[in-house]
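Numbering (the numbering used here), first residue to last: 1143 to 1263. Working notes for the structure below.
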Amino acid sequence: FIKDKKETIIGMSEDPQFGPMIMFGLGGIYVEALKDVSFRIAPLSRQVAREMVEEIKTIKLLKGTRGEDPSDIDSIIEIILRVSQLVTDFPEILEMDINPLFVKKQGEGSIAGDVRIRIGG
């Protein structure tokens, strides 16, 4: 059991025209209900990864609302960058989902609850 966490999702799918597309949003039940996600073409810079996180409509939930502690947004950005690098280095990865990615309080990191990777030839 992970205390004081928010569920997010980081995903990747291979677009036939643009190549690997990285996705970020709130995870768990929220990804289906809210459809509040951002997309970018890999490889990503740190600035672009930060923009992906900052532009979702529900960013206030990650930054802390109503007395809640802010989430570890820097750890989200680091994981987005690592996924971007992974799918750039290994083009045989066709799809990838980290859902949920449990994001703990600021400075405490994140933990992948489930990871799925689809490889193609």
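No residue lacks a Cβ here, since even glycine has one placed at the ideal position from N, Cα and C.
Take residue i and list the residues in its own chain whose beta-carbon comes closer than 8 Å to its own, dropping the five residues that flank it on each side.
i	result
residue 1214	1245, 1246, 1247, 1248, 1249, 1250, 1251, 1252
residue 1211	1146, 1247, 1248
residue 1243	1149, 1150, 1151, 1152, 1169, 1218, 1221, 1252, 1253, 1254, 1255
Sorted by chain position, which residues of the same chain lie with C-beta nearer than 6 Å to residue i's C-beta, five sequence neighbours on each side aside?
i	result
residue 1167	1151, 1173, 1178, 1179, 1198
residue 1146	1247
residue 1260	1236, 1237
residue 1157	1163
Under 8 Å by Cβ, that's how I've got residue i and residue j pegged, so tell me the actual separation to the nearest angstrom.
i	j	result
residue 1153	residue 1238	6 Å
Under 7 Å Cβ to Cβ from residue i, same chain only, skipping five residues before and after it: list those, please.
i	result
residue 1229	1154, 1162, 1184, 1235, 1238
residue 1262	1234, 1236
residue 1176	1168, 1200
In the DSSP assignment, what residue or residues form a beta bridge with residue i?
i	result
residue 1168	1150
residue 1174	DSSP lists no partner for residue 1174.
residue 1162	1156
residue 1253	1244
residue 1261	1235
My parser needs the alpha helix (DSSP H) runs of 4 or more residues fully inside the stretch 1185-1247; what are they?
1188-1196, 1201-1205, 1215-1231
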